[in-house]
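Working notes for the structure below.
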Amino acid sequence: MVNPPHEALHRIFQHDPMLFSRLSRQLGIRLPTPVEAVLLPTDLTETKPVERRVDTLLKLDSAAKGSLLLAIESQGKKDPDKHASWAYYAAYLWTKYRLPTALLVVCQDRATAEWAGREVACGPPDMPTLVIRPTVVGPHNMPVITDPVRARGDLALATLATLTHAGDPGIGDILKALSTALRDLPEDVADPLIEFTAQGLSKRPAQEIWRNLVATDLAFYKSYLSEELRDEGRAEGRAQAGADAILLVLEQRGLDVPDDVRDRVTSCTDPETLRGWLARAVTASSAEDVFADE
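Sequential numbering from 1 applies to the sequence shown in UniProt numbering.
Printed below as a string of structure tokens:
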């Protein structure tokens, strides 16, 4: 099943098809500047019961050297079958469009990026009929952007850089720079990037940081996703406040609060349950009595 980070890492190129032209300079790749970038169908299915789809496919047209195809794949982990799939994509696209074809793989961790960038040849050593050597984007070669001014200079590139550094210890500063850069921008500009960032951070600790920033720095945005992130942040905030209140009452009454009680209280996210525990904490003879009749 496709997960949110997978979608965000390649869909940002659909949102801004000219992004790769700017990204190529960041990577030190010398390509002519395209005059147009065209999104092409991503369905690479043959007329047989085997379906293959590349994540994003662009045709980059330049005045100087014509057109080239760019297949973009987001890769979350090592997959022994992927290099063969990528070889198929390249061969199929070259055959179908008769255009130079390049492969860009976007990763969020160094180990996957190193694996993805390996050169793999199809054929015996003396006859490498088809050689796959993807260009890889990841935390090893993307900038760490903590300056809001720099982030605002190219918001799509800054968002992509942020997603590749999702596991960076300094992700808080990176996300703060991005949220600051997105302030006061039109919703049609900011909302897609807010969404890509939320998707790309899914199931990572940094997602909580982004929720809080959306709820504060970007509170004026009214999109469905922005409201959803803020609602989640508010609900978690209310649960935390309720848990803190219960523990404070128990401590102020001089009751010993064992670790298992503290863990149960702080892990609860149901407001009604917390309200009931708080009422009991006022008169309970021990911390464990907060959970009486449960």
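Ideal Cβ placement from N, Cα and C applies to all residues, glycine included.
For P34, the three-state secondary structure derived from DSSP is strand. CA-CA distance, E251 to H165, rounds to 41 Å. V249 is bridged by DSSP to nothing; it lacks a bridge partner.
In this structure, T42 sits away from G76, with a CB-CB distance that is not shorter than 8 Å. Note: G66 is bridge-paired with S62 in the DSSP secondary-structure output. D43 is bridged by DSSP to R53. Under the three-state reduction of DSSP output, A121 falls in the strand class.
Rounded to whole angstroms, the separation of the alpha carbons of P128 and E119 is 11 Å.
Between the alpha carbons of G276 and S285 lies a distance of about 16 Å. Judged by DSSP secondary structure, I132 falls within the beta strand (DSSP E) whose first and last residues are 130–132. Contact between I12 and F196 is confirmed by a C-beta separation of about 5 Å, below the 8 Å threshold. The alpha-carbon separation between H6 and G200 amounts to approximately 7 Å.
For V149, the uninterrupted alpha helix (DSSP H) run begins and ends at 148–153, by DSSP. With a cutoff of 8 Å on beta-carbon distance, T135 and A102 are scored as near each other. Within its own chain, the residues whose Cβ lies closer than 6 Å to the Cβ of R204, once the five positions on either side in sequence are excluded, are A166, listed in chain order. Going by C-alpha positions, V54 is about 7 Å away from I72.
Under the DSSP definition of a beta bridge, I72 partners with T56, L104. Per DSSP, the continuous beta strand (DSSP E) segment holding T135 begins and ends at 135–137. In the same chain as G138, and ignoring 5 residues on each side of it, the C-beta atoms closer than 6 Å to its own belong to C107, A113, T164, in chain order. The beta carbon of L157 lies closer than 8 Å to those of L19, R22, L23, Q26 in the same chain, with the five residues before and after it left out.
A direct Cα-to-Cα measurement between D289 and P271 gives close to 19 Å.
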